[in-house]
Amino acid sequence: MADNIARVFADAIATDPTRPLLTWYDDATGERTELSGATLANWVAKTANLLVDEVAVGPGDVAGVVLPPHWQTAAVLLGCWSAGLTVADTPGDVDVLFAAETRLDEAAAWSAGERYVLALHPFALPMRQVPAGYADYVSEVRAHGDHFSPYASGGPGEAALLGRAAARATELGIAPGDRVLIDTGTYPDPVDWLLAPLTAGATTVLCANADPARLPSRATTERVTRPLR
Numbered sequence: 001m002a003d004n005i006a007r008v009f010a011d012a013i014a015t016d017p018t019r020p021l022l023t024w025y026d027d028a029t030g031e032r033t034e035l036s037g038a039t040l041a042n043w044v045a046k047t048a049n050l051l052v053d054e055v056a057v058g059p060g061d062v063a064g065v066v067l068p069p070h071w072q073t074a075a076v077l078l079g080c081w082s083a084g085l086t087v088a089d090t091p092g093d094v095d096v097l098f099a100a101e102t103r104l105d106e107a108a109a110w111s112a113g114e115r116y117v118l119a120l121h122p123f124a125l126p127m128r129q130v131p132a133g134y135a136d137y138v139s140e141v142r143a144h145g146d147h148f149s150p151y152a153s154g155g156p157g158e159a160a161l162l163g164r165a166a167a168r169a170t171e172l173g174i175a176p177g178d179r180v181l182i183d184t185g186t187y188p189d190p191v192d193w194l195l196a197p198l199t200a201g202a203t204t205v206l207c208a209n210a211d212p213a214r215l216p217s218r219a220t221t222e223r224v225t226r227p228l229r
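Per full-length UniProt numbering, the very first residue in the sequence shown carries number 1; after that it's consecutive.
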């Protein structure tokens with residue numbers, strides 16, 4: 001069992017970095033965003049470089065992530081783990097906080113050294129008005145490097161987290177090579193929608209605000225082998 005999330009992510013894209021690794025749908029907006037392993041890895045590297053170079057955090061430091069399931073959330077989480085950070089489960093004192101624009105009330109319960117806000121715009125555009133006390137994640141992350149060498153050992157708790165993810169992959173019937181459709185309303189935990197498919201060697205079609213009437217045809221179009229609704 002791997003004990004390093006960054007290594008699991010690297011293994012997931014090593015065979016074919018160009019294949020779709022995470023495809024995002026939001027039926028409330030009509031959005032569809034497809035990310036290859038290489039594209040997601042680019043966002044992850046930029047996020048890790050932002051954390052190390054700008055925030056000056058690393059192994060032993062803690063991040064808070066107040067974000068819904070989303071492809072940008074995947075980049076933030078994987079970037080944090082690549083930089084050796086622990087992602088906190090409950091509000092408290094953290095070194096850096098990432099929060100959705102729509103969840104700033106929840107974010108107020110956290111005490112953070114640095115704060116980044118995400119609009120989760122369909123085209124990942126910068127925010128026009130940034131809330132006081134925050135920096136715009138998209139604007140800041142784009143300035144950072146496209147490559148990052150993760151730390152050799154994972155952060156505290158990563159082995160246990162990956163163990164949970166592997167167990168969930170088994171429980172959910174996710175197998176290597178699967179194309180998994182996941183309804184975020186049913187599976188909001190990143191252990192389910194992000195880590196379980198990665199540990200199993202599967203790719204993901206992630207659906208927010210899922211319209212049940214659209215899911216059967218989407219499953220056919222996306223060549224889904226394991227629907228989770």
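Ideal Cβ positions, reconstructed from N, Cα and C, are used throughout, including at glycine.
Since residue i is in the beta strand (DSSP E), which residue starts that stretch and which ends it?
i           : result
valine 94   : 93-100
proline 216 : No beta strand (DSSP E) holds proline 216; the alpha helix (DSSP H) holding it covers 215-221.
To the nearest angstrom, how far is it from the Cα of residue i to the Cα of residue j?
i             : j            : result
lysine 46     : arginine 115 : 16 Å
glutamate 54  : aspartate 93 : 19 Å
aspartate 105 : valine 76    : 20 Å
valine 57     : alanine 213  : 45 Å
aspartate 136 : valine 65    : 14 Å
arginine 226  : valine 44    : 26 Å
alanine 143   : threonine 90 : 30 Å
proline 150   : arginine 103 : 29 Å
threonine 86  : arginine 32  : 30 Å
residue 236   : alanine 99   : It is not possible to answer for residue 236, since the shown part of the chain is limited to 1 through 229.
tryptophan 81 : proline 190  : 13 Å
aspartate 11  : glycine 84   : 18 Å
leucine 22    : leucine 206  : 7 Å
Going by DSSP, what residues sit across from residue i in a beta bridge?
i            : result
alanine 135  : Tyr116
cysteine 207 : Tyr25 and Asp183
threonine 86 : Val62
threonine 33 : Trp24
serine 111   : Asp93
Span of the alpha helix (DSSP H) holding residue i?
i              : result
valine 180     : Unbroken run through valine 180 is the beta strand (DSSP E), 179-183; no alpha helix (DSSP H).
isoleucine 174 : Counting along the chain, isoleucine 174 falls outside any alpha helix (DSSP H), and DSSP gives it neither H nor E.
arginine 7     : 5-14
leucine 198    : 196-200
Contact check, residue i vs residue j under 8 Å by CB: the rounded distance?
i             : j             : result
threonine 199 : alanine 169   : 6 Å
valine 180    : proline 197   : 5 Å
leucine 125   : tryptophan 71 : That pair is no contact at about 14 Å.
alanine 208   : tyrosine 25   : 7 Å
alanine 210   : aspartate 61  : Not confirmed; about 35 Å, so no contact.
asparagine 49 : glycine 145   : 5 Å
aspartate 3   : glycine 154   : 5 Å
According to DSSP, is residue i part of a helix, a strand, or is it coil?
i             : result
proline 59    : coil
arginine 226  : strand
glutamine 129 : coil
threonine 18  : coil
glycine 79    : helix
proline 122   : coil
arginine 142  : coil
So is the beta-carbon of residue i under 7 Å away from any non-hydrogen atom of the ligand HEM?
i          : result
glycine 79 : You won't find the ligand HEM in this model; it holds no ligand whatsoever.
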